[in-house]
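Trainee: In the numbering used here, the protein residues as written are 178 to 824. Here you go, one structure.
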C-alpha cells in the first residue's frame, strides 16, 4: 500500500468515525424515550394513519377520513400491521412503537444523507468536505425542532428521508462522472417523496437538473434518462392529481385558496423563515452570507450548481407548503422540515467554505496559523450553535421519559371504578376511546367531551346526561372554593407530577352517604359508607359499600367482614366477607394517601326466620392468611357500624 493510499484510507476512516459519533448522539435524542405516553397514543395524527391503514385493508371503517391521501406511508403501515399480526400482535400502541422506531431510523438516515451530500461538494478526502458533512449532519442531528418532530409514526420522517435521498443522488449524478445513472434514481426518490406528501413537487428537481446536464454531455444517455424520468413523473403526477382533487383538510385549503396563498408574500416568507428557524436563523444567515463571500474570494470552492439546487429546495418546498399551511413553531413545523434538511447541507457547506478560505489565506500569509484557521469555524459553530441546541434538546428527551398521567388514569379506572360515563376535557378526549387513544381497557367507559365542566352542578350532569365521573385538571379543581362541586361530588384520585401531561383529579359526581372516621392498624382509615335503611324484615338483603383511605401502604392483603349480631352477643347471625375495595386493588396496593378507594358493594342476607328486635352491624379487617384482625385505634378490633331494627 502506498503512502497516498494509506493516507486516503486514514482520512476515510476519520470521516466515518466522526460521522458515526454524530449519528450516535442523534440516536440518543431519537431512540431514548421513543415510546413516550404509550400505550396512550397522544399525537393526533398517529391513530389517524394507523386506522386509515386498517380501513384500506377493509378491517375498519374510518369514515374515509383520509380519502385521496398520499399513499406511500399508509402502505408502509399496512405492511407493518401484516407482519405484526402474523406475530400475534394487534394493538395500535405496539404498532405505533414500531413505527416510531422506523421513523427514528428514517431521521438518522436523513442525517447521513445530508452529511454525504455536503461532503460531496468538496474534493473527496479534503478536510473541508469532511467538516461540511460533519456540520451538516450535526445540525440536523441535534436541532430541537427536528428532534421534536423526528420520531412520530407519521409520514413526515419518511418524507425528510426521501427528499434528502433525491438531493444526495442528484448531487452525486452532477459531481461524479461515473454516477450519471443516479439522476434517474434521484427522480425516483423525488417521486416517492411526492407520494408521501403531494406538496413536495420540487423534490424531483435535483434528478431532473442532473439529467439535463447529462443530456448536454451525452445525448443518448440523456434522452434515455429523460424518457424514463417523464414516465415516472407522469405516473406520480396522475396519482397526486387524483388525490389532491379529493383529499380533505389540507387538500381542501389548497383547492379553495392555494393560488392566492402561494402568491401571498407574507405567508411564503413566513414559511421559508421557519424552515431556517431550527438552525437558528441568525446563525444560518451569518454563516451562509460569509460562506458566499468566501466562495468568491477563496481558492478551493464548493461546487456551484448543487448549491443552486439546494437553495431551490430550501425556497420551493416552504413556498409550495404555503398553499395549505402557514407554519409556526408550535404547529405545522413538519411541513417545512424537508427544506430544513436541505438547509443543513447548505449550512455545512457554507461553514466549510469559510474554513477552507481562512485556511488557504493563512497558509499563504501566516502558515503557523493555518491549523488554527482549520478549527476556528467548526469550534465557533459547536460552541455557538450545536452545544446550545443539545442543551435545548435535552428537556425534550427528559419530557419523553416522564410517564403520561392518562395511562395511569385509564388503568386505574379499570381497577377501581364501575363502568359509567366520564366527563372529560380536550386533553382526555381519547383517554377512554380505545380506537383513537390506544388503551384497550377491560371495562368500557363512555365519555362526554366538554370545555366547561363547571357549567352545571354534579347532580344536573347526572340527571340530565347520565354522567358518573369527571376528569378535571388539577389547577382548575383547586380553584373551586365553594359550591356544589365541593359538597356534592367526591374526589377520588389525583394524578400528579412528574408527568408529561397535565395533572388531573378524578371525581365521582355524588358523594358517600355517611362520612365515617375509623382507623384500622397504622395505615387504613374508613372514611365513609353507603348504608341500608335502619329497619328491615327477616330474609332481607342489606347492601353496604365502604370508602377507604390509606395514610401509608398497608403491609398485607386484608379482607373485610360484616357481622350481623344481637345487641348483647358477638356470635353473628349473618355475615359476609370480601375485599374492602375493588378485588383488583388489594390493600397492599393502596399506595396513594390522597386516594379515596370505593369498595365493591357487599350484600348481607338476613336469616329467613328470626325474632323481631334490634340488632347491630359490626365490621372489621383481618389478614386472610392468618385470620389476625387489625386493631382499631380506639381499642378493640371490631367497629360498631350501625343498629338495625328487624320488624
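Here a beta-carbon is modelled for each residue, glycine too, at the ideal position from N, C-alpha and C. Bear in mind that the values here come from a model prediction, so they are computed numbers and not experimental data.
Going by the CB atoms, is the gap between residue 574 and residue 210 shorter than 9 Å?
Mentor: Yes. Within cutoff.
Trainee: Give me the residue from 809, 724, 806 and 733 with the minimum Cα distance to residue 771.
Mentor: For residue 771, the nearest C-alpha among the options comes from 724.
Trainee: Nearest to residue 791 by alpha carbon, out of 720, 269, 245 and 743?
Mentor: Ranking 720, 269, 245 and 743 by Cα distance to residue 791 puts 743 first.
Trainee: Along the chain, where does the beta strand (DSSP E) containing residue 601 start, and where does it finish?
Mentor: Looking at the DSSP string, the run of the beta strand (DSSP E) that includes residue 601 is 598–601.
Trainee: Near residue 403, what residues of its chain come up, given a Cβ to Cβ distance below 7 Å and the 5 sequence neighbours on each side ignored?
Mentor: Excluding residues within five positions, the ones whose Cβ falls inside 7 Å are 388 and 392.
Trainee: Just confirm the distance between the C-beta atoms of residue 529 and residue 309, as a whole number of angstroms; I'd bet it's less than 8 Å.
Mentor: Their Cβ separation, rounded to whole angstroms, is 4 Å, which keeps residue 529 and residue 309 in contact under 8 Å.
Trainee: How is residue 692 classed by DSSP in three states: helix, strand or coil?
Mentor: Strand.
Trainee: Determine contact between the stretch 516–534 and the stretch 299–313, defined as no fewer than three beta-carbon pairs at a distance below 8 Å.
Mentor: Output reads yes: the stretch 299–313 touches the stretch 516–534.
Trainee: Counting beta carbon pairs with one atom in the stretch 803–812 and one in the stretch 775–785, are three or more of them shorter than 8 Å?
Mentor: No, the stretch 775–785 does not touch the stretch 803–812.
Trainee: Counting only runs that start and end within the stretch 231–269, where is the alpha helix (DSSP H) found for 4 or more residues in a row?
Mentor: With a minimum length of 4 residues, the continuous alpha helix (DSSP H) runs that stay inside the stretch 231–269 are 249–263.
Trainee: Roughly how many angstroms lie between the CA atoms of residue 566 and residue 503, to the nearest whole one?
Mentor: Straight-line Cα distance between these residues: approximately 25 Å.
Trainee: Are the beta-carbon atoms belonging to residue 217 and residue 671 less than 9 Å from one another?
Mentor: The answer is no: Cβ separation not under 9 Å.
Trainee: Rounded to a whole number of angstroms, what is the C-alpha to C-alpha distance between residue 250 and residue 373?
Mentor: Cα-Cα distance, rounded: 6 Å.
Trainee: Compute the beta-carbon to beta-carbon distance between residue 693 and residue 705, rounded to the nearest angstrom, for a pair I have assumed lies under 8 Å.
Mentor: Indeed they touch by this definition, with Cβ atoms about 5 Å apart.
Trainee: Counting only runs that start and end within the stretch 480–531, where is the alpha helix (DSSP H) found for 4 or more residues in a row?
Mentor: Runs of the alpha helix (DSSP H) inside the stretch 480–531: 481–498.
Trainee: Report whether the distance from the Cβ of residue 794 to the nearest heavy atom of the ligand FAD is below 8 Å.
Mentor: Only the bare structure without any ligand can be found here, which leaves the ligand FAD out of the picture.
Trainee: The beta strand (DSSP E) that contains residue 590, what's its start and end?
Mentor: First-last for residue 590: 582–593, but that is the alpha helix (DSSP H), not the beta strand (DSSP E).
Trainee: Let me make sure I understand the geometry here. Which of 557, 696 and 822 has the alpha-carbon closest to that of residue 812?
Mentor: Checked all of 557, 696 and 822; the closest Cα to residue 812 is 696.
Trainee: Buried or exposed for residue 294, please, with buried defined as at least 16 other CB atoms from any protein chain shown within 10 angstroms of its CB.
Mentor: By the neighbour-count rule (16 or more Cβ atoms within 10 Å), residue 294 is buried.
Trainee: Could you spell out the range, first to last residue, of the alpha helix (DSSP H) harbouring residue 472?
Mentor: Start and end: 458–474.
Trainee: Straight-line CA distance for residue 715 to residue 682?
Mentor: Cα-Cα distance, rounded: 43 Å.
Trainee: Ends of the alpha helix (DSSP H) at residue 566?
Mentor: Per DSSP, residue 566 belongs to the alpha helix (DSSP H) from 564–578.
Trainee: What did DSSP end up calling residue 426 once you bin it into helix, strand or coil?
Mentor: Coil, per DSSP.
Trainee: Relative to the C-alpha of residue 296, which residue among 522, 602, 819 and 797 is closest?
Mentor: Among 522, 602, 819 and 797, the Cα nearest to that of residue 296 is on 522.
Trainee: Nearest-angstrom Cα distance between residue 676 and residue 213?
Mentor: Cα to Cα, the separation comes out at about 11 Å.
Trainee: For residue 400, count neighbouring Cβ atoms within 10 angstroms of its own Cβ and tell me buried if that reaches 16, exposed if not.
Mentor: Result: exposed.
Trainee: Would you say residue 456 and residue 377 are within 9 Å of each other, going by their C-beta atoms?
Mentor: Contact flag unset, no.
Trainee: Whose C-beta lies closer than 6 Å to the C-beta of residue 328 among residues of the same chain, with five residues either side of it excluded?
Mentor: Excluding residues within five positions, the ones whose Cβ falls inside 6 Å are 207, 211, 277, 280 and 281.
Trainee: Among all the DSSP beta bridges, which residues are the ones paired with residue 819?
Mentor: Note: residue 819 sits in a beta bridge opposite 794.
Trainee: List the DSSP bridge partners of residue 745.
Mentor: In the DSSP output, where bridge partners are listed per residue, residue 745 has none listed.
Trainee: Is residue 624 buried or exposed, if buried means 16 or more other CB atoms sit within 10 Å of its CB?
Mentor: With 16 or more other Cβ atoms within 10 Å, it is buried.
Trainee: Could you have a look at residue 699 and say whether DSSP puts it in helix, strand or coil?
Mentor: Coil.
Trainee: Report all residues from its chain with a CB closer than 6 Å to the CB of residue 673; omit the five preceding and five following residues, and keep chain order.
Mentor: Once the five neighbours on either side are set aside, the close Cβ partners of residue 673 are 680.
Trainee: In three-state DSSP terms, what is residue 718?
Mentor: Strand, per DSSP.
Trainee: Since residue 366 and residue 350 are thought to touch, with beta carbons under 8 Å apart, how far apart are those beta carbons, to the nearest angstrom?
Mentor: No, residue 366 and residue 350 are not in contact; Cβ-Cβ is about 11 Å, not under 8 Å.
Trainee: Mapping DSSP to helix, strand and coil, what is residue 552?
Mentor: If DSSP states are grouped into helix, strand and coil, residue 552 belongs with the helices.
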